[in-house]
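To start, the structure itself, in structure tokens.
Protein chains: 2
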Amino acid sequence: MDKHALFQKFVAFTAAVHQVSNEMTKDLKPDTVTSVQYKILEYLAVSQPATLSDISECMHMSMPNTSRELRKLTEKQFCEKIAAADDRRKQFIRLSPKGEALMNGVFAQAEARLEERIRHIPEEELESIGQALDLLQDQVFHGPKPG
Amino acid sequence: MDKHALFQKFVAFTAAVHQVSNEMTKDLKPDTVTSVQYKILEYLAVSQPATLSDISECMHMSMPNTSRELRKLTEKQFCEKIAAADDRRKQFIRLSPKGEALMNGVFAQAEARLEERIRHIPEEELESIGQALDLLQDQVFHGPKPG
DNA sequence: CTCTTTACTTGTCATTTGATAAGTAAAGGG
DNA sequence: CCCTTTACTTATCAAATGACAAGTAAAGAG
Chain A
1 MDKHALFQKF VAFTAAVHQV SNEMTKDLKP DTVTSVQYKI LEYLAVSQPA
51 TLSDISECMH MSMPNTSREL RKLTEKQFCE KIAAADDRRK QFIRLSPKGE
101 ALMNGVFAQA EARLEERIRH IPEEELESIG QALDLLQDQV FHGPKPG
Chain B
1 MDKHALFQKF VAFTAAVHQV SNEMTKDLKP DTVTSVQYKI LEYLAVSQPA
51 TLSDISECMH MSMPNTSREL RKLTEKQFCE KIAAADDRRK QFIRLSPKGE
101 ALMNGVFAQA EARLEERIRH IPEEELESIG QALDLLQDQV FHGPKPG
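Protein chains in written order, with the UniProt record's numbering: chain A, 1 to 147; chain B, 1 to 147.
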């Protein structure tokens, strides 16, 4: 396999993933939060609890701006700050019950859309898809240095 | 394969893809264009020529805003507007030589980063990865109704 | 006990982005 | 020819976002 050809595939693929995931989560963001705030909620839904620094780093935003958005989310009662036991400078952030409820609704709708999208696919093909997802995530789309 | 489990994988996977592709294109955006403008250039690099309406629809932005950003990109000489032969209301947009050069540079760097990322993977595994990309793109991450 | 570093906050400002109202010009239908 | 629709433009405004300067409080090093 030519590495340049693989790169081309990679570009087309990531473009398609962005396209489809945008399509699937379209209109699911409640009007009560901004885009950036919603992205933070999505991140928390998958990676909570997280510190402010975690969020700042993963979302590539400055600490001051992260702090501000987190304050707004906390004011809106979508997440909670919990003082870390070991280090009183740190705060763990997690979704509040209201935030959990919100994101559960979002995920439920996204799941319905995914089911719609794969409705026509036979069982054995779904098996292959699951394996392909695992393979790519392990080999290519992993965080910094898995092993 | 349980469809709910597949959804979970799907969520984790798309999160990872976003994460990695953000990482790989980080700092590649030149300071001369804004984020939105850069996204348009990325889109054009893959899908040119495109009309203003195409861009507006795919990027989920309003026509007035799309028009404004395209004007700025054109003023900065990164793309060109070409009147459509058949319909004088339409305009085809494509990257200018300067825009092409810019995006070639970006892609070259991204490619280098991908190669770094897959350097340790043996040839036969790369084959499987290519197949997995094809499978997922055909079956799951395709545009509206492929066949 | 200082000094430095880390984690986070507060405040401020410019820029970007999104939304909307109103307009032009060509295409298409009847 | 008139009317409607399509494709795009211009202008304006508010909100969101990003960047930076300065500050607090706790942790850690010497």
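All C-beta atoms in this analysis are idealised placements derived from N, C-alpha and C, irrespective of residue type, glycine included.
Here the structure is a predicted model, which is why all the values come from computation and not from measurement.
Please report whether the beta-carbon of residue i lies at a distance below 8 Å from any beta-carbon of chain A.
{"i": "K3(B)", "result": "yes"}
{"i": "P146(B)", "result": "Residue confidence for P146(B) is low, a pLDDT of 39 falling below 50, so the modelled location carries little weight; the figure read from the coordinates is stated next. Chain A, which has no Cβ nearer than 8 Å to the Cβ of P146(B), makes this no."}
{"i": "T14(B)", "result": "yes"}
{"i": "I55(B)", "result": "no"}
{"i": "G105(B)", "result": "no"}
{"i": "F141(B)", "result": "yes"}
{"i": "A132(B)", "result": "yes"}
{"i": "Q137(B)", "result": "yes"}
Of the residues the options, which one's Cα is nearest the Cα of residue i?
{"i": "Q137(A)", "options": "H4(B), Q19(B), T34(B) and D2(B)", "result": "Q19(B)"}
{"i": "K29(B)", "options": "C79(B), A110(B), I93(B) and L52(B)", "result": "A110(B)"}
{"i": "residue 151(A)", "options": "M24(A), L133(A) and R94(A)", "result": "The first residue shown for chain A is 1 and the last is 147, placing residue 151(A) beyond what the model contains."}
{"i": "H4(A)", "options": "E125(B), A132(B), S128(B) and L114(B)", "result": "L114(B)"}
{"i": "V140(A)", "options": "D27(B), D2(B) and T14(B)", "result": "T14(B)"}
{"i": "H142(A)", "options": "A16(B), F7(B), Q8(B) and K9(B)", "result": "A16(B)"}
{"i": "residue 155(B)", "options": "K39(B), I118(B) and T25(B)", "result": "Residue 155(B) lies beyond the residue range present for chain B, which begins at 1 and ends at 147; the question has no answer from this structure."}
Rounded to a whole number of angstroms, what is the C-alpha to C-alpha distance between residue i and residue j?
{"i": "A83(A)", "j": "Q91(A)", "result": "5 Å"}
{"i": "H60(A)", "j": "S35(B)", "result": "13 Å"}
{"i": "P146(B)", "j": "N22(B)", "result": "Since pLDDT at P146(B) reaches only 39, below the 50 mark, its modelled position is unreliable, and the value read off the structure follows with that caveat. Roughly 28 Å separates the two Cα atoms."}
{"i": "residue 213(B)", "j": "A50(A)", "result": "In this structure chain B extends from 1 to 147, so residue 213(B) is not present and cannot be described."}
{"i": "L41(A)", "j": "N104(A)", "result": "11 Å"}
{"i": "I121(A)", "j": "E57(B)", "result": "28 Å"}
{"i": "E124(A)", "j": "Q131(B)", "result": "17 Å"}
{"i": "L135(B)", "j": "I129(A)", "result": "7 Å"}
{"i": "T74(A)", "j": "D2(B)", "result": "35 Å"}
Beta-carbon of residue i versus every beta-carbon of chain B: anything under 8 Å?
{"i": "Q48(A)", "result": "no"}
{"i": "V33(A)", "result": "no"}
{"i": "G99(A)", "result": "no"}
{"i": "V17(A)", "result": "yes"}
{"i": "Q37(A)", "result": "no"}
Residue j and residue i - do their beta-carbons sit closer together than 8 Å?
{"i": "K76(B)", "j": "T32(B)", "result": "yes"}
{"i": "Q37(A)", "j": "E69(A)", "result": "yes"}
{"i": "S67(B)", "j": "E80(B)", "result": "no"}
Quick one: what's got a C-beta closer than 6 Å to residue i's C-beta in the same chain, skipping five residues either side?
{"i": "V106(A)", "result": "L28"}
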